[in-house]
Each structure stands twice: as structure tokens, then as C-alpha cells.
Amino acid sequence: MSEIEKIAGPLRELLSEREIIARCELLIRTYDIVQSAGLSHEAERELAAQVGPRIAPGIFASMMSKEPLFFNLPALDTYTQMNGRIFHFLHTKKYSRQDFANASSRFLRSVPALRDMLIDCMKHRLKEFMSDAGYDLLAERGAHMTFSAEKRKAEVYAVASIRSLNIDEYRVESGSDCIILVPSSESLEPFVQFFRERGEQSEEKELQIWIMNLEKGTIDPFIGYTTDLDIYNQFDNPRLAEMVRNNWSRGGGL
């Protein structure tokens with residue numbers, strides 16, 4: 003089996019099994035499949051040349067495009083919304099209401115496993131991000147990681163959803179940053195709600211809350227500010243927290 007087939011094969015099996023699939027599930031499982039493939043540096047470079055430096059989101063974007071990287075995958079060119087979630091499916095096949103109901107139920111049953119996969123992929127990306135900023139991983143305990151750089155230390159936590167984030171569970175220790183990474187979502191609403199309900203308290207506690215954009219593979223500040231220029235330079239949009247504060251505090255949008 004070629005290294006590329008280690009990704010294409012599981013994706014093909016997934017889409018054969020789930021002809022109607024939630025967008026977020028396909029995205030998370032794509033991350034998991036890419037990580038599990040254990041690609042060599044040569045294979046990573048080959049894929050990066052085709053889909054960009056962030057391989058998992060690049061492959062996902064290609065599946066959503068009219069020119070997919072893997073030509074023998076089903077073309078998920080149609081979508082609908084169920085219970086606030088986007089579901090993709092083939093337009094060439096007719097599905098009944100029961101088919102869609104079954105797909106929604108199957109997704110709900112998969113949520114616990116998907117949450118674990120999500121935390122793993124967030125941690126993987128976070129380790130890359132912090133390493134690129136000059137930090138070493140000192141310790142890892144579940145979703146909690148400790149990083150250090152010269153004269154700096156960071157306690158970092160991966161949380162599966164902004165909705166489940168309880169800032170009362172976190173505190174900043176002397177001489178250390180407290181950073182919480184949450185994933186993006188299909189709607190801004192939960193982020194707007196969190197900012198207006200807990201944004202000021204988060205700033206008072208000196209917490210930094212970052213967002214991982216799953217579809218781009220990037221990390222940006224949502225609440226709080228870093229004083230580390232090396233971290234600042236790793237953000238895709240380092241001014242995002244400032245934009246959120248300036249606009250959402252006035253009741254507007256980005």
C-alpha cells in the first residue's frame with residue numbers, strides 16, 4: 003500500500019459507509035486519518051505541494067472542491083442542514099427522509115468518539131504551533147500540556163467546544179501563561195454568546211483563549227493577548243482578539 007493510499011483508502015471506506023455525513027465529522031475524521039497514516043517526510047512534502055502545508059484541512063478542502071485530490075472518492079457536492087449541522091451527500095442518488103434521520107442519529111452516536119479525535123488533532127496542531135514558536139513540551143496530561151521557552155512557561159488546555167468551556171476551572175499561575183484552545187464551529191453564535199457573557203471575566207483572569215480554525219488548520223487569539231512575539235508571529239490573524247473586542251463589545255459583528 004502506498005503512503006497516499008493510507009489516506010485515500012480509509013476516506014473511501016468512510017464515505018462508502020456514510021453516504022450522508024456531517025461536515026464536522028468528515029473534517030475531524032480526515033484529521034484522524036492523516037495523523038494515523040504516519041506519513042514519511044517525503045510523502046508529507048508531496049502532499050503539501052498539492053494541498054498546502056496543512057495536509058488534513060487541505061485534503062478536506064479538495065474533497066469539497068470540484069477538483070478533488072483523490073479522484074476515486076465520492077463527490078460530496080450537495081448539502082443540507084439538520085439540527086444546526088451541515089450534512090453532505092451525493093446529488094446523483096435519491097435519499098429518503100428516513101435516510102437523513104438515520105444519518106443524524108448515527109452522527110449523534112459518534113459524538114463521544116469524535117470529541118476524543120478532535121482533542122487529539124487539536125493537541126497535535128498545538129504542539130506544532132508551540133514548537134514553531136520556540137517552545138518545548140515539558141509535560142502532557144490528557145488535554146493539558148505544559149510548554150516552556152527561554153524565560154517563559156505556558157499551561158495549555160484543549161477544550162472540545164466553546165460551549166463547554168468553564169473559565170472558573172482555570173487560573174493563571176505566577177510566571178506562566180494560561181492558554182485555552184477551542185475549535186472553530188459552523189456558526190459564530192456560540193463565540194458571540196461566550197464573549198458577551200464571559201469575555202470580560204476571562205480578561206480579568208488574564209486567560210488567553212485561542213481558536214483553531216479546523217478547515218484551515220490555523221490558530222488565532224480570541225480573547226486575551228500574548229506578549230511573546232514568537233507566538234504572535236505564528237498566528238494567522240494576530241489581531242483577531244482586538245477585532246473581537248472592538249466590535250463585539252459594541253454589539254456588532256466582525
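Residue 116 in this note's numbering sits at position 114 of the sequence shown, and the numbers go up by one each step.
Ideal placement from N, C-alpha and C gives every residue a C-beta, glycine not left out.
Quantities reported herein were computed from a predicted structural model and do not represent experimental measurements.
Burial state of Ser-204 is buried, judged by a 10 Å Cβ sphere holding 16 or more other Cβ atoms.
Distance from Gly-219 to Arg-56 at the Cβ level is roughly 3 angstroms; contact confirmed, criterion being Cβ atoms closer than 8 angstroms. Under DSSP, no beta-bridge partner is assigned to Trp-250. Its chain contains Ile-213, Met-214, Asn-215, Leu-216 and Glu-217 as the residues whose beta carbon lies nearer than 8 angstroms to that of Ser-186, once the 5 sequence neighbours on both sides are disregarded; these appear in chain order. According to the DSSP assignment, Asp-79 belongs to no alpha helix (DSSP H), since it is labelled neither H nor E. Annotation for Pro-185: the continuous beta strand (DSSP E) segment containing it runs 179-185. Counting along the chain, Asp-222 sits inside the beta strand (DSSP E) bounded by residues 220-225. According to DSSP, residue pairing for Thr-148 in a beta bridge involves Ala-141 and Glu-157. Apart from sequence neighbours up to five positions away, the residues of its chain that approach Arg-200 with a beta-carbon distance below 7 angstroms are Ile-169, ordered along the chain. Inter-residue distance for Tyr-137 and Arg-165 is about 29 angstroms (C-alpha atoms, whole angstroms).
Leu-71 places its beta carbon 8 angstroms or farther from that of Thr-80. Taking C-beta atoms as the reference points, His-126 and Ile-23 fail to come closer than 8 angstroms. Going by DSSP, Arg-87 is part of the beta strand (DSSP E) stretching over 87-91. DSSP, reduced to helix, strand and coil, places Ala-58 within a helical segment of the structure shown.
The beta carbon of Ile-221 lies closer than 6 angstroms to those of Phe-131, Trp-212 and Met-214 in the same chain, with the five residues before and after it left out. Linking Arg-241 to Ala-156 through their CA atoms gives a straight-line distance of about 20 angstroms.
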